[in-house]
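Just so you know, we're using this note's numbering here: the sequence shown kicks off at 94 and counts up by one.
Glycine included, every Cβ here is placed at the ideal spot set by N, Cα and C.
Structure, as structure tokens:
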Amino acid sequence: MISKPQHPVSVPPRTLLSRRADGEHYTSSSNVLKVLGPLFLDDFNAKATSLISDPRTTFSEFEKFQNELSSAMFLDPASGTGNFLVAAYCEVRRIEASLLQEAEKRDYPLIPKVTLAQFHGIEKNEHPYHQSKNILLEAQQQANAHLQTITTTPTHLLDTTQPQIRHANALTINWGDENGVPDAPHTFVFGNPPFLGKNLQTAEQQTLIKQAWAELGTTTVSMADLVTAWIAKSVTFLNDRNGTFAYVTTNSIAQGTNVPLVFGTLDKHGWRPFFAYQPFEWDDEAKVHCCIVGFSRDDESQRLWLFDKETQQHVQAPLTQGINPYLTDGEHIIVQPRKTPLSPELPQLVLGSMAASGNTLDPKKNTPKPEHDPVAMKYVRRFVSAKELINGTDRWCYWIEDTNVGDIDLSPVLQEVTENCKQHRLKSKKKATRNKANTPHRFADARTQPATNYLCIPRTFSQNRPYFTADYLTPDVVAGDGTYTAIDPDGFVFAIVSSSAFKSWQSVIGGRMKSDNRFAKDLVWNTFPLPALTNAQRKEIIDAGKQILHARKQRPDLSLDTQYKNMTPELMQAHGALDTAVNKVFGLSSVSNESKMQEALFNTYVTMILNFEGVSPSPQHVL
């Protein structure tokens with residue numbers, strides 16, 4: 094049997110502040126192995142164990158496998174202080190050492206072949222660059238010492254090669270040039286590149302992201318995270334050589350509009366995920382949310398690990414269809430935003446109104462009572478965005494229609510707030526906002542207020558909340574742009590939004606802000622695959638939704654946030670009845686788990702979109 098893993102060399106992390114400035118996050122040993130294991134270590138370990146445990150294994154079989162180990166190339170293009178390279182080197186050396194130990198017992202003339210020259214890194218920051226080289230040399234010494242404790246290998250055969258770390262920005266160089274990684278029978282690329290969202294990127298970083306994807310023929314990068322540039326560079330690097338790659342990456346690559354960019358582009362070049370760990374919270378001091386994905390062009394067996402929120406652990410899941418771009422078990426499809434709902438059962442949603450006023454259209458002290466100004470008081474309206482809707486807090490605004498603009502001259506308060514709003518908009522960097530300075534009495538994007546009670550749906554809400562927290566508002570309440578609104582006379586829209594099925598679709602298709610759900614009308618609502626319903630099915634769903642409202646009314650003094658943090662038995666029972674009614678539409682039982690629900694949703698989506706568009710299925714669906 095192969096020997097136990099060596100204790101990896103300790104790699105001291107850079108300071109938290111310095112790493113965060115570059116979007117870097119220190120990787121624990123357990124998370125390093127989540128990448129390296131499925132990428133190559135599991136396969137190497139299995140082969141070594143099989144060869145060593147079988148007394149019939151020949152010398153040529155030993156030698157063939159050792160040549161596989163010693164001919165492979167390994168690259169971490171964001172190597173930092175060397176966590177991944179140290180682990181990879183130590184583990185491959187350990188496997189070879191076990192092979193050499195057994196070969197010596199059998200008098201097979203094997204000599205060590207695995208060297209540091211196979212392990213390459215790229216690091217732009219000077220301190221970790223030097224640090225990683227020193228740590229790799231220390232790992233080399235430990236591996237050599239370990240080999241000599243279990244074999245009689247002479248000193249002159251021990252690895253004495255130097256670390257292959259380049260001091261450079263990986264996004265500005267050719268990884269395979271004369272100073273880079275030599276071609277090999279197989280090249281493994283891995284690591285934990287920096288995560289930086291669009292709003293935190295420098296102009297230079299945005300340019301590098303665009304350049305990386307342009308090399309693959311993709312010119313629209315939208316809200317791409319910095320980490321996606323490493324994904325694109327990996328494909329460019331490996332397109333003309335045999336290899337696979339895997340990264341710890343931000344969870345956003347498998348969410349929202351990033352999915353067509355990353356997975357759609359990689360599809361065109363023949364790359365598919367062959368293993369993945371679903372999104373989870375990083376287990377070090379950097380509270381970011383990430384996932385792990387490995388990509389291959391070969392028809393490899395796929396493995397998917399689901400994240401169990403209760404145990405906070407990953408559990409390998411049985412796969413029936415394979416890993417799709419949303420890192421779930423399902424058909425390989427990419428859901429594209431739509432301008433109208435796919436389901437004929439669903440109405441259009443409307444985005445709430447955006448003030449773009451710097452709070453200048455809020456009454457002073459955030460109260461409904463302007464001081465000594467009855468004219469201004471006529472135009473004070475309650476204002477509700479996502480925060481106010483969920484937390485039940487009060488906020489107010491001035492809502493002045495164009496037909497009432499003459500009253501501004503009669504009100505010192507309204508004169509003041511409209512002038513302040515005008516000046517705020519004139520200072521904006523956005524031309525569209527500056528143009529709105531001509532109408533400072535109005536919200537910048539003022540939607541027509543519903544004439545009846547309407548449903549208000551928050552755009553952002555906690556992933557820890559088990560259900561959407563939509564609610565009804567009266568027509569005198571202004572819905573902010575942190576919400577969507579819908580006219581819902583019979584309660585059907587409320588019921589659908591409140592179901593586990595819809596929350597499941599949001600979780601897998603929609604984007605997120607950190608780990609919170611980010612609801613997008615075109616991408617989530619308009620693509621929700623709700624099939625045609627019978628009158629009986631619709632009535633059952635509506636009635637179940639009404640029971641949820643009834644249960645909420647039993648605690649009128651509590652906010653939606655509080656009610657759903659501490660759900661009463663009645664509220665839980667009402668939601669359970671609703672889930673039963675909606676799940677039946679998708680052919681599921683009331684107790685279906687998340688993965689089964691997502692599988693059913695994707696299957697229904699494929700059926701509906703193909704029927705809707707009148708196209709035939711293909712091996713690669715971008716729908």
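**Message:** Can you find the residues in the same chain that come closer than 8 Å, C-beta to C-beta, to D252, ignoring five residues on each side of it along the sequence?
**Reply:** R186, P205, V207, T208, L209, Q233, A236, N237
**Request:** Please state whether DSSP places P353 in a helix, a strand or coil.
**Result:** helix
**Asked** Identify the residues that DSSP records as bridge partners of Y577: which are they?
**Response** L444, I550
**Message:** On the DSSP letters alone, give me the boundaries of the alpha helix (DSSP H) that L229 sits inside.
**Reply:** 219 to 243
**Request:** Would you give the residue range spanned by the beta strand (DSSP E) that F212 belongs to?
**Result:** 212 to 216
**Request:** Check L412 in the structure and name its three-state DSSP category.
**Result:** coil
**Asked** What do you get for S591, buried or exposed, if any count of 16 or more other CB atoms within 10 angstroms of its CB means buried?
**Response** buried
**Request:** Tell me P366's beta-bridge partners as DSSP assigns them.
**Result:** F388
**Asked** Given T697, which residues of its chain have a CB within under 7 Å of its CB, disregarding the five upstream and five downstream residues?
**Response** P622, P624, F679
**M166 - containing alpha helix (DSSP H), residue span** = Not the alpha helix (DSSP H): M166 falls in the beta strand (DSSP E), residues 166 to 169.
**Prompt:** Between the C-alpha atoms of M701 and A139, what's the straight-line distance to the nearest angstrom?
**Reply:** 43 Å
**Prompt:** Quick one: complete alpha helix (DSSP H) runs, 4+ long, within the region 257 to 315?
**Reply:** 296 to 307
**Message:** If the criterion is Cβ atoms closer than 7 Å, does the pair G387 and F368 meet it?
**Reply:** yes
**Request:** Let me know if H46 comes out buried or exposed under the rule of 16 or more other beta-carbons within 10 Å of its beta-carbon.
**Result:** Since the first residue shown for the chain is 94 and the last is 716, residue 46 is missing from the structure and cannot be characterised.
**Asked** Looking at Y370 and the ligand SAH, is the gap between the Cβ and the nearest heavy atom below 6 Å?
**Response** With respect to the ligand SAH, the structure offers nothing, as it holds no ligand at all.
**Message:** Restricting to Cα atoms, I'd like to know which of K471, L168, Q299 is closest to K331.
**Reply:** What sits at residue 331 in the sequence shown is Leu, not Lys. Closest option to L331, Cα to Cα, is L168.
**Prompt:** Exposed or buried, what is D147 when buried is set at 16 or more other beta-carbons lying within 10 Å of its beta-carbon?
**Reply:** exposed
**Prompt:** Does DSSP classify R199 as helix, strand or coil?
**Reply:** coil
**Request:** Using a threshold of 7 Å, state whether the C-beta atoms of G603 and A588 are closer than that.
**Result:** no
**Request:** Using only alpha-carbon positions, find the residue among W492, F283, K198 that is nearest to G573.
**Result:** W492
**Rounded straight-line distance, which links the Cα of Q656 to that of I188** = 55 Å
**Asked** Which same chain residues, not among the five before or five after N704, have their C-beta less than 6 Å away from its C-beta?
**Response** none
**Request:** Between the Cα of E481 and those of L653, E512, V125, K471, spot the shortest distance and give me the residue it belongs to.
**Result:** L653
**Item:** Cut-off 6 Å between Cβ atoms - residues of its own chain near L503, not counting five sequence neighbours on either side
**Value:** V468
**Request:** Buried or exposed for S143, please, with buried defined as at least 16 other CB atoms from any protein chain shown within 10 angstroms of its CB.
**Result:** exposed
**Request:** Could you check what DSSP says for W598 in three-state terms: helix, strand or coil?
**Result:** helix
**Prompt:** What's the gap between the Cα of L664 and the Cα of V675?
**Reply:** 17 Å
**Item:** Coil, strand or helix - L109 by DSSP
**Value:** Note that L109 scores 37 on pLDDT, short of 50, meaning its location in the model is unreliable and no value can be drawn from it.
**Request:** Tell me whether H407 sits in a helix, a strand or coil according to DSSP, three-state version.
**Result:** strand
**As assigned by DSSP and simplified to three states, the class of F155** = helix
**Request:** Note down the Cα distance separating I483 from V571, rounded to an integer number of angstroms.
**Result:** 15 Å
**Request:** Quick one: residues in its chain with C-beta nearer than 7 Å to the C-beta of P543, no 5 flanking neighbours on either side, listed in chain order?
**Result:** P568, T578, I580
**Message:** Pull the bridge partners of T343 from the DSSP assignment, please.
**Reply:** C383
**Request:** Just mark R199 as buried or exposed, buried being the case when its beta carbon has 16 or more other beta carbons within 10 Å.
**Result:** exposed
**Prompt:** How would you label T433, buried or exposed, when you count the other beta carbons within 10 angstroms and need 16 or more for buried?
**Reply:** exposed
**Message:** Rounding to the nearest angstrom, what Cα-Cα distance links H220 and N176 in this structure?
**Reply:** 14 Å
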